[in-house]
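Below is one structure, written out as structure tokens; the observations come after it.
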Amino acid sequence: MEKDDAQKPAFSAVFHDLMADYEQRLVRHVIIEEECPKEVLSRYVHPNLSLHERQQARWEALMAGKKEDAVNVIEERLFLGNLHARDPVLLQEHKIQLVIALGSSPNVLPAYQPLPDGVREHKVFIEDSAGSDILPHVRTCHALITEAHARGEAVLVHCAAGISRSAAIVIGHLILKKKWHAESALAFVQQKRPCVSPNPGFWRQLQGLSQK
Numbered sequence: 002m003e004k005d006d007a008q009k010p011a012f013s014a015v016f017h018d019l020m021a022d023y024e025q026r027l028v029r030h031v032i033i034e035e036e037c038p039k040e041v042l043s044r045y046v047h048p049n050l051s052l053h054e055r056q057q058a059r060w061e062a063l064m065a066g067k068k069e070d071a072v073n074v075i076e077e078r079l080f081l082g083n084l085h086a087r088d089p090v091l092l093q094e095h096k097i098q099l100v101i102a103l104g105s106s107p108n109v110l111p112a113y114q115p116l117p118d119g120v121r122e123h124k125v126f127i128e129d130s131a132g133s134d135i136l137p138h139v140r141t142c143h144a145l146i147t148e149a150h151a152r153g154e155a156v157l158v159h160c161a162a163g164i165s166r167s168a169a170i171v172i173g174h175l176i177l178k179k180k181w182h183a184e185s186a187l188a189f190v191q192q193k194r195p196c197v198s199p200n201p202g203f204w205r206q207l208q209g210l211s212q213k
């Protein structure tokens, strides 16, 4: 057996542990930060749920959670948040003119609150999965954010929870903009929004991006 083949089971086990830890942190965030009703949480943490059922339960948990701290200022004219950040009052308060919204499919994004007139939206369809390729979206969104900022516009990047997908976009933007290492960009964003935690697959891609 070749050396690489011998290492595969160990790597797989480590990666499984990383994903389990990521899922636990998501649950902890929903329980502590979002104050979700217990009857909804009981569905979310049920061990026998399929991936689709778990995603649906997570969506219900987020929708049922509180709306405080829906959005955080990452740097001037750049905001990161969850689905509640689309609230028209928040958008007006922060003078946001471009929203980058991430969801798992076209069926999910329409469930987000409609945006007020005058606010543009760029939609990104991607699963919050370790196997999803986030880098093409990072580069596209980096260009959109850079162009909006050049026009003096404020930008909101959000997904359902504001923890993984949208956070990966913002971290990637900072890596490309400031030429930071991934660890520095992550630490900076976590100072502004402590719940941020890109899934292990996204994180591995962001580390590779910062090394190019």
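Take the position in the sequence shown, starting the count at 1, then add 1; the result is the number in our numbering.
Ideal placement from N, C-alpha and C gives every residue a C-beta, glycine not left out.
Just so it is clear, the structure is predicted and the values come from calculations on it, not from any experiment.
For residue i, the first and last residue of its enclosing alpha helix (DSSP H)
i	result
Leu210	Pro201 to Ser211
Pro89	Pro89 to Glu94
For residue j and residue i, the rounded distance between their alpha carbons
i	j	result
Pro115	Leu157	14 Å
His95	His85	14 Å
Leu175	Gly132	22 Å
Asp129	Val139	14 Å
Pro117	Ala71	17 Å
Ser185	Ser211	10 Å
Arg166	Pro199	7 Å
His123	His143	12 Å
Thr141	Leu177	11 Å
Contact set for residue i: own chain, Cβ-Cβ below 8 Å, skip 5 residues either direction
i	result
Arg79	The sequence shown places Leu at residue 79, rather than the Arg named in the question. If we look at Leu79 and ignore the five residues flanking it on each side, its Cβ neighbours are Ile146, His150, Ala155, Val156, Val158, Val171 and His174.
Val120	Leu92, Ile97, Gln98, Leu99 and Val100
Residue i, enclosing beta strand (DSSP E) - first and last residue
i	result
Leu79	Leu79 to Gly82
Gln114	Where Gln114 is concerned, there is no enclosing beta strand (DSSP E), given that its DSSP letter is neither H nor E.
Val72	Val72 to Glu76
Glu122	Arg121 to Phe126
Ala102	Ile97 to Gly104
Beta-carbon contacts of residue i that lie in its chain and below 7 Å, excluding the five residues immediately before and after
i	result
Phe189	Leu175
Phe203	Ile135, Ser165 and Ala169
Sequence-distant residues of the same chain with beta carbon closer than 6 Å to residue i, five excluded per side
i	result
Val125	Leu103 and His138
Beta strand (DSSP E) runs wholly inside the stretch 130 to 211, at least 3 long, in chain order: 155 to 159
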